[in-house]
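Each residue of the sequence shown is one higher than the last, beginning at 5 in my numbering. What follows is one structure encoded as structure tokens, with my remarks underneath.
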Amino acid sequence: MTRNIDKVVLITGASSGIGEATARELAQAGARLFIGARRADRLEALTGELGENAAWRTLDVTDGDDFEAFVAAAEAQFGRIDVLVNNAGVMPLSPLAALKRDEWKRMIDVNVHGVLNGIAAVLPRFVAQGHGHVINVASVAAHIVLPTAAVYCGTKHMVRAVTEGLRQEHDEIRSTLISPGVVATELGHDITDPAVAAALKGWRQKSLTPDAVARAVRYALEQPEGVDINEVIVRPVAAD
Ligand code: NDP
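Here it is as structure tokens:
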């Protein structure tokens, strides 16, 4: 196989949606993949499809020790790590007045601490080897704030800030933010507010399929060494 992407790539949230599509896209480009999420059955099935250049381990991104063990397992499997795609995320939207504090906390835990735990696990390795690439999947919600999405947008603004901070602090590390618009995935399946769940169905009338975002990740990875793609925004044509 010609390896367009001769790299070891770790992907979080690869059990569905954008993470799964990214694993498929990068496997076609020849990357070696180590994928994680909580649903083992999905990861096992996907890895079986992708073949010998893919391996998996369960991962809860909110647990820093688990993330460290995930990265160590990838290193043991493939001998090195070149790229981390921090993709795992949740979006239980609701108006602030609903006071769904448990859902606010879950979004912050997964979308913010999950990304930070990932960076903490790979950063010392990338510094030691003198290269590495962190790709964080944020959202157009990293640029705007929408009703019922204040906390979600806040988490994505944070991911954008951290991605830029990483770029500024580390010349040896490439740092990319991928900001999708609406994508048809399982995201938001756990919205508990019926009005917001109905509104999400409306927004999804005009949506991307996950492979569109996967191609943006591939684009960032296929650049020559001296090129750092800092942000890609991918929306459906004629999105609001
Ligand atoms: P999905 O719900 O299809 O995928 C989310 C993934 O995150 C799943 O694989 C899930 O796996 C994983 N995940 C959730 N919690 C955890 C956790 N604690 N530990 C590890 N993995 C976890 O949604 P998308 O593919 O759409 O979402 C991927 C990313 O894209 C998210 O960051 C999302 O915010 C972002 N995004 C999505 C948009 C959209 O419209 N769909 C638009 C803009 C950004 P499991 O449950 O097995 O752990």
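Ideal Cβ placement from N, Cα and C applies to all residues, glycine included. Here the structure is a predicted model, which means the values were calculated and not measured.
DSSP three-state assignment for Pro99, whether helix, strand or coil: coil
Simplified DSSP state of Val65, which is helix, strand or coil: coil
Sequence-distant residues of the same chain with beta carbon closer than 8 Å to Ile182, five excluded per side: Ile139, Asn140, Val141, Ala142, Val217, Ala220, Val221, Ala224, Glu235, Val236, Val238
Nearest neighbour of Glu168, chosen from Asp69, Ala145, Ser179, Glu29 [CA to CA]: Ser179
Ser20 CB to nearest heavy atom of the ligand NDP below 7 Å: yes
Nearest residue (CA-CA) to Lys11, options Thr152, Arg164, Ala188, Pro228: Pro228
Arg178: first and last residue of the uninterrupted beta strand (DSSP E) it sits in: 177-184
Where Arg7 falls: helix, strand or coil (DSSP): coil
Any non-hydrogen atom of the ligand NDP closer than 7 Å to Gly206 Cβ: no
Segment limits, alpha helix (DSSP H) that includes Ile123: 118-133
CA-to-CA distance, Leu170 to Met162, given in whole angstroms: 12 Å
The ligand NDP heavy atom lying under 7 Å from the CB of Thr66: yes
Ser98: CB within 7 Å of a non-hydrogen atom of the ligand NDP: no
Nearest-angstrom Cβ-Cβ length linking Ala92 and Ala41, presumed shorter than 8 Å: 7 Å
Outcome for Ala132 when other beta-carbon atoms lying within 10 angstroms are tallied against a minimum of 16: exposed
CA-to-CA distance, Leu191 to Ala203, given in whole angstroms: 14 Å
Integer-rounded CB distance, given that Pro240 should sit under 8 Å from Ile22: At roughly 14 Å, the Cβ-Cβ gap does not stay under 8 Å, so Ile22 and Pro240 are not in contact.
Interface flag, Gly134 vs chain C, CB-CB below 8 Å: Given the protein chain composition of this structure (a single chain), no chain C is represented.
Contact set for Ala188: own chain, Cβ-Cβ below 8 Å, skip 5 residues either direction: Arg208, Ser211, Leu212, Thr213, Pro214
Selection from Gln172, Val94, Leu14, Arg110 that minimises the alpha carbon distance to Asn57: Leu14
beta-carbon Pro240 near the ligand NDP non-hydrogen atom, thresh 7 Å: no
Where Thr196 falls, given that 16 or more other Cβ within 10 Å makes a residue buried: exposed
Whole-angstrom C-beta distance between Cys157 and Val166, which should lie under 8 Å: About 15 Å separates the two Cβ atoms, so there is no contact after all.
For Thr213, the three-state DSSP class (helix, strand or coil): coil
Closer than 7 Å: Arg43 CB and nearest the ligand NDP heavy atom: yes
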